[in-house]
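**Student:** Mind the numbering: the sequence shown is residues -10 to 281 in this note's numbering, read in order. Starting off with a structure, shown below.
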Amino acid sequence: MLGVLLMSYGSIYTIEDVERFYTHILGGRKPPQHLLEELKERFVAVGGKSPLNEISKKQAQKLQSFLGENYKVYFAFKHIDPYIEDVVKIMEEDGINRAVAMILSPYYSNYNISDYFKRVKSSRIEFHYVYGYYNNPLLLEAFQKRIELVMKSNPAKPFFLFSAHSLPEKILPDPYPEQLKFVVDNLVKRLGIKDFAFAYQSAGKTNDKWLGPDILEVIEKLDNNNYHTIISCPIGFICDHLEVLYDIDIEAKNFAKSKGFDLLRINLFNDDDDFINVLKDEVKKVFESVVN
-10 MLGVLLMSYG SIYTIEDVER FYTHILGGRK PPQHLLEELK ERFVAVGGKS PLNEISKKQA
50 QKLQSFLGEN YKVYFAFKHI DPYIEDVVKI MEEDGINRAV AMILSPYYSN YNISDYFKRV
110 KSSRIEFHYV YGYYNNPLLL EAFQKRIELV MKSNPAKPFF LFSAHSLPEK ILPDPYPEQL
170 KFVVDNLVKR LGIKDFAFAY QSAGKTNDKW LGPDILEVIE KLDNNNYHTI ISCPIGFICD
230 HLEVLYDIDI EAKNFAKSKG FDLLRINLFN DDDDFINVLK DEVKKVFESV VN
């Protein structure tokens, strides 16, 4: 039996989880009360929780059905249960001796992604890793399909705004920005898009300087005489969660409206079949390389 461990950041299950979730993110330090209240307000605005955990579970279940009975697929989170370290122990108890570990984000950064792999420790399991899959043709096709779907609705005077989660500038030099640039350049070439920009979003509230420009700064500088509709393409993400449902669908959309723009967002993958095929392809490639 071959194991597959899918990992993601995790999020809250209920509003009561906000304090323990963000305390874990901060390494055991409780966030300031005003920040906790702000976070709770954001979650309340999107329904009281994030769908990320449930989507991750569905992705694992569907990947299991796509891979078949010779594989066993597990999912785990970095900052909430089921924690990565605990799931690795379950894999050991299940008798898994060889496995692929991959983060659901397509991009690799030494700043935060490497920390996932440090948590995958086992003396019994031979782990192999997927270090990003941003250049997988199936992934690029899936993004293209979702952008084309919005384009078919003939939005008025469109401007395409690609975005991804910001990280502190201190990560540089790091492969993350170049991987994002590769995806954006590939998609605009495929689709013949001329009017576009890339921005970062969802920067942390720290004293560090974060990668920019910020998405709101880009919207601020747009000329509403030339463009009417902003097409939000958050290619840094693969599923719905707080940074999409609030930071784009509420905050960025309202800001765009105040500047005279409509904002439409492409659908993300969630547990759609074409995305699960991307994961399947990555898992198969790793195991085939090990065998050969």
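Glycine included, every Cβ here is placed at the ideal spot set by N, Cα and C. Computed from a predicted structure; not experimentally measured.
Where does F185 fall in DSSP's three states?
**Tutor:** strand
**Student:** Identify the residues that DSSP records as bridge partners of H154: which are they?
**Tutor:** Beta-bridge annotation (DSSP): H154 is paired with Q190.
**Student:** Nearest to K110 by alpha carbon, out of R87, Y123, F132 and Y122?
**Tutor:** R87
**Student:** Hey, out of D260, I208 and V279, whose CA is closest to S247's CA?
**Tutor:** I208
**Student:** Expressed to the nearest angstrom, what Euclidean distance is found between the alpha-carbon atoms of K38 and F151?
**Tutor:** Taking the straight line from one Cα to the other gives about 25 Å.
**Student:** Starting from A65 and walking both ways along the beta strand (DSSP E), at which residues does that stretch end?
**Tutor:** Y60 to F66
**Student:** Leaving out five residues on either side along the sequence, give the residues of the same chain with a beta carbon under 6 Å from the beta carbon of P71.
**Tutor:** A65
**Student:** By the three-class DSSP mapping on this structure, what secondary structure does H217 have?
**Tutor:** It is coil, neither helix nor strand.
**Student:** With M(-10) as the anchor, note down where its beta strand (DSSP E) starts and where it stops.
**Tutor:** No beta strand (DSSP E) holds M(-10); DSSP gives it neither H nor E.
**Student:** Mind listing, in chain order, the continuous alpha helix (DSSP H) runs of no fewer than 4 residues lying wholly within the segment 93 to 134?
**Tutor:** 102 to 108
**Student:** Give me, in chain order, the residues of the same chain whose beta-carbon lies closer than 7 Å to that of Y123; leave out the 5 immediate sequence neighbours on both sides.
**Tutor:** P95, Y96, Q168, F171 and V172
**Student:** With DSSP as the reference, label R31 as helix, strand or coil.
**Tutor:** Helix at R31.
**Student:** D251 by DSSP, collapsed to three states: which one?
**Tutor:** Here D251 carries a strand assignment [DSSP, helix/strand/coil].
**Student:** Could you have a look at P166 and say whether DSSP puts it in helix, strand or coil?
**Tutor:** helix
**Student:** Y235 by DSSP, collapsed to three states: which one?
**Tutor:** coil
**Student:** Give every residue of the same chain whose Cβ lies closer than 8 Å to the Cβ of V33, excluding the five residues on either side of it in the sequence, and list them in chain order.
**Tutor:** I4
**Student:** Buried or exposed: M(-10), going by 16 or more other Cβ atoms within 10 Å of its Cβ?
**Tutor:** The residue in question, M(-10), is exposed, as its Cβ has fewer than 16 Cβ neighbours within 10 Å.
**Student:** Who pairs with L147 in a beta bridge, going by DSSP?
**Tutor:** It should be noted that the sequence gives Pro, not Leu, for residue 147. As a beta-bridge residue in DSSP terms, P147 pairs with T218.
**Student:** Using a 10 Å radius around the Cβ and a threshold of 16 neighbouring Cβ atoms, would you call Y235 buried or exposed?
**Tutor:** buried
**Student:** DSSP on S142, reduced to helix/strand/coil?
**Tutor:** coil
**Student:** Is the distance from the Cβ of W199 to the Cβ of P166 below 8 Å?
**Tutor:** no
**Student:** Taking 6 Å as the limit between beta carbons, can you name the residues of its chain near V89, skipping five residues before and five after?
**Tutor:** Cβ-Cβ distances below 6 Å link V89 to V(-7), H117, V272 and V275 in the same chain, with the five nearest sequence neighbours on each side left out; the list follows chain order.
**Student:** For the pair the segment 209 to 228 and the segment 244 to 262, tell me if three or more CB-CB distances fall below 8 Å.
**Tutor:** yes
**Student:** For M91, write down the residues that DSSP places opposite it in a beta bridge.
**Tutor:** L(-5) and V119
**Student:** Look at the alpha carbon of Y63 and the alpha carbon of D270, and state the distance between them as a whole number of angstroms.
**Tutor:** 17 Å
**Student:** Identify the continuous alpha helix (DSSP H) that holds N196 and give its terminal residues.
**Tutor:** Where N196 is concerned, there is no enclosing alpha helix (DSSP H), given that its DSSP letter is neither H nor E.
**Student:** Would you decide whether D229 is buried or exposed? Buried here means 16 or more other CB atoms lie within 10 Å of its CB.
**Tutor:** buried
**Student:** Give the single residue among Y120, S191 and D174 whose Cα lies nearest to the Cα of Y105.
**Tutor:** When only C-alpha atoms are compared, the closest one is Y120.
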